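Peer 1: Let me give you the structure first, and then I'll get to my questions.
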Amino acid sequence: MADLKTSIKEKITLRFISIITLIWVADFFTKVWAVKELSSGQVINIVSDVFRFQLVYNTGGVFGIMQNNAMFFQFLTGFAILFLLFYYIKTEDGNTAFNFAISFILGGAVGNFTDRFFRHGVVDFIDMGIGNARWPTYNIADAFISTGAVLLAIAFFQIEKAARERDRAE
């Protein structure tokens, strides 16, 4: 047990917590703004109709799959948060990309978890596309989860490459 406590203290740094918190705060306040400013069905075009803000409540999962399953996704998100924290703590020191990736994904997951807990769905409002060819509407949390996933793939590639180079050197 002492080993786990030491590992937690070493891994959960101020930078790690700060990144998660900043993402959560940015996500929270942009969603508050979206609900207030876009609740009447209003669309705000930022760059013509290519980039715009439009309010959507997502009671499903990523890209709106499995709508009206808020409790299932609340549980799934909570499990994912706990799993990622445990994985991060138990993993040997990763590289910078790994550390940022996990904090980005956790920050986004906490943002969407908060929404699901208080709103029984997630507020999405960033809408991109051309004409009828549109990307699924998303939010700041989703953007950080996606960015974190890409960083995580890069980190795993870098870690694997470094391990192969170490093996060759031995």
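All residue numbers for the sequence shown refer to this note's numbering, where the first residue is -15 and numbers rise by one.
Glycine residues also receive a C-beta, built at the ideal position from the N, C-alpha and C atoms.
Quick caveat, the model's predicted, so the values are computed rather than measured.
1. Report yes or no: do the region 93 to 112 and the region 9 to 17 share at least 3 C-beta pairs separated by less than 8 angstroms?
2. Please classify N29: does DSSP put it in a helix, a strand, or coil?
3. Classify V107 as helix, strand or coil using the three-state DSSP reduction.
4. Give the straight-line distance between the Cα atoms of M50 and P120, rounded to the nearest whole angstrom.
5. Quick one: Cα of L60 to Cα of S2, how far?
6. Use the C-beta contact count for A139: other C-beta atoms within 10 angstroms, 16 or more gives buried, fewer gives exposed.
7. Just the C-alpha distance for L69 and Q26, rounded to the nearest angstrom, thanks.
8. Which residues mark the beginning and the end of the beta strand (DSSP E) in which Q38 is found?
9. Closest to A93 by CA distance: which of R118, Q38 and I124 is it?
10. Name the residue from G132, F141 and I30 whose alpha carbon lies nearest to the alpha carbon of I7.
11. Which residues in the same chain have their Cβ closer than 8 angstroms to the Cβ of T52, if we skip the five residues on either side of it in sequence?
12. Return yes when the Cβ of F12 is within less than 8 angstroms of the Cβ of T98, no when it is not.
13. Could you tell me the alpha carbon to alpha carbon distance between I86 and M112, rounded to whole angstroms?
Peer 2: Put simply:
1. Output reads yes: the region 9 to 17 touches the region 93 to 112.
2. Along the sequence shown, read from residue 1 onward, the residue named residue 29 stands at position 45. Collapsing the DSSP output to three states places N29 in a strand.
3. Here the question's residue 107 lines up with position 123 in the sequence shown. Strand at V107.
4. Locating residue 50 in the sequence shown gives position 66, counting from the first residue. Locating residue 120 in the sequence shown gives position 136, counting from the first residue. Roughly 14 angstroms separates the two Cα atoms.
5. The residue given as residue 60 occupies position 76 in the sequence shown. The residue given as residue 2 occupies position 18 in the sequence shown. Approximately 24 angstroms between the Cα atoms of the pair.
6. Within the sequence shown, numbered from 1, the residue matching residue 139 stands at position 155. By the neighbour-count rule (16 or more Cβ atoms within 10 Å), A139 is buried.
7. By 1-based counting over the sequence shown, the position of residue 69 is 85. By 1-based counting over the sequence shown, the position of residue 26 is 42. If you take the alpha carbons of L69 and Q26, they lie about 38 angstroms apart.
8. Start at 1 with the first residue of the sequence shown, and residue 38 comes out as number 54. Boundaries of the beta strand (DSSP E) harbouring Q38: F35 to N42, taken from the DSSP string.
9. Along the sequence shown, read from residue 1 onward, the residue named residue 93 stands at position 109. A93 has its Cα closest to that of I124, out of R118, Q38 and I124.
10. By 1-based counting over the sequence shown, the position of residue 7 is 23. Per the Cα distances, G132.
11. Here the question's residue 52 lines up with position 68 in the sequence shown. Going by the sequence as given, residue 52 is Asn instead of Thr. Excluding positions up to five away in sequence, the list reads T43 and G44.
12. Translated into positions along the sequence shown, residue 98 becomes position 114. Translated into positions along the sequence shown, residue 12 becomes position 28. Cβ distance < 8 angstroms, so T98 and F12 count as in contact.
13. Along the sequence shown, one-based indexing puts residue 86 at 102. Along the sequence shown, one-based indexing puts residue 112 at 128. Going by the C-alpha atoms only, they are around 26 angstroms apart.
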